[in-house]
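Colleague: Residue numbers (the numbering used here): 64 to 193. All C-beta atoms, glycine included, are put in the ideal place defined by N, C-alpha and C. To start, I am sharing the structure in question, which I have written as structure tokens.
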């Protein structure tokens with residue numbers, strides 16, 4: 064998911080991975096707060112590995128993508144959220160509107176919430192006759 068987010072934002076460096084991971088987590092949480100149940104997880108782990116000995120030690124730090132979310136609509140909404148909050152986009156209003164539309168569609172789509180179908184019930188009779 065991280066590499067796909069970089070591609071979507073036209074980013075060619077890993078320098079912003081920490082911010083992108085944080086924003087993707089925030090986007091997933093924003094959808095969850097709105098009642099959208101993501102069919103998978105958005106999760107990243109900061110990994111540090113050290114090679115060499117003594118003064119020749121080199122430490123590499125990177126984000127491992129542990130995400131299992133692959134639903135195209137949810138992923139696209141999260142990427143739009145990231146785009147809206149990454150840097151200062153000139154078209155912020157347009158991107159915000161796009162994200163809000165995507166979120167609203169997910170909130171009202173079958174299979175993305177646990178609201179379920181409301182069964183219409185007949186009003187209970189109180190037993191009193193007229």
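(1) Given 8 Å as the limit, is there contact between the segment 136-149 and the segment 87-107, that is, 3 or more CB pairs closer than that?
(2) Using the three-state DSSP reduction, which class does residue 126 fall into: helix, strand or coil?
(3) Rounded to the nearest angstrom, what separates residue 105 and residue 147 at their Cα positions?
(4) Decide if residue 178 is buried, meaning its Cβ has at least 16 other Cβ atoms within 10 Å, or exposed.
(5) Would you kindly work out how many angstroms separate the C-alpha atoms of residue 81 and residue 162, rounded to a whole number?
(6) Based on Cα-Cα distance, which residue from 124, 132, 160 lies nearest to residue 110?
(7) For residue 90, which option in 79, 108, 68 has the closest C-alpha, if you only look at C-alpha atoms?
(8) From residue 135 to residue 115, what does the alpha carbon distance come to, in whole angstroms?
(9) Can you give the Cα-Cα distance for residue 145 and residue 79, rounded to whole angstroms?
(10) Here's the rule: buried if 16 or more other CB atoms are within 10 angstroms of the residue's CB, otherwise exposed. What is residue 151?
(11) Output needed for residue 84: all residues of its chain with C-beta closer than 7 Å, excluding positions within five of it in sequence on either side, in chain order.
Modeller: So, from the listed chains and residues:
(1) Result yes; three or more Cβ-Cβ pairs closer than 8 Å.
(2) By one-based count along the chain shown, residue 126 stands at place 63. Residue state, collapsed to three classes: strand.
(3) Numbered from 1 along the chain shown, position 42 holds the residue referred to as residue 105. Numbered from 1 along the chain shown, position 84 holds the residue referred to as residue 147. Each residue's Cα considered, the two are about 18 Å apart.
(4) Position 115 of the chain shown holds residue 178. Counting the other CB atoms within 10 Å of its CB gives residue 178 a total below 16, which places it among the exposed residues.
(5) Counted from its first residue, the chain shown places residue 81 at position 18. Counted from its first residue, the chain shown places residue 162 at position 99. Between the C-alpha atoms of residue 81 and residue 162 there is a straight-line separation of about 22 Å.
(6) As a working mapping, residue 110 is identified with position 47 in the chain shown. Minimum Cα distance to residue 110 is reached at 124.
(7) Position 27 of the chain shown, counting from 1, holds the residue named residue 90. Checked all of 79, 108, 68; the closest Cα to residue 90 is 68.
(8) As a working note, residue 135 is residue 72 in the chain shown. As a working note, residue 115 is residue 52 in the chain shown. The alpha-carbon of residue 135 is positioned some 41 Å away from that of residue 115.
(9) Working through the chain shown from its first residue, we reach residue 145 at position 82. Working through the chain shown from its first residue, we reach residue 79 at position 16. Taking the straight line joining both Cα atoms gives about 12 Å.
(10) Position 88 of the chain shown holds residue 151. Answer is exposed; the Cβ neighbour count stays below 16.
(11) As a first step, residue 84 must be located in the chain shown, where it is residue number 21. Once the five neighbours on either side are set aside, the close Cβ partners of residue 84 are 65, 107, 126.
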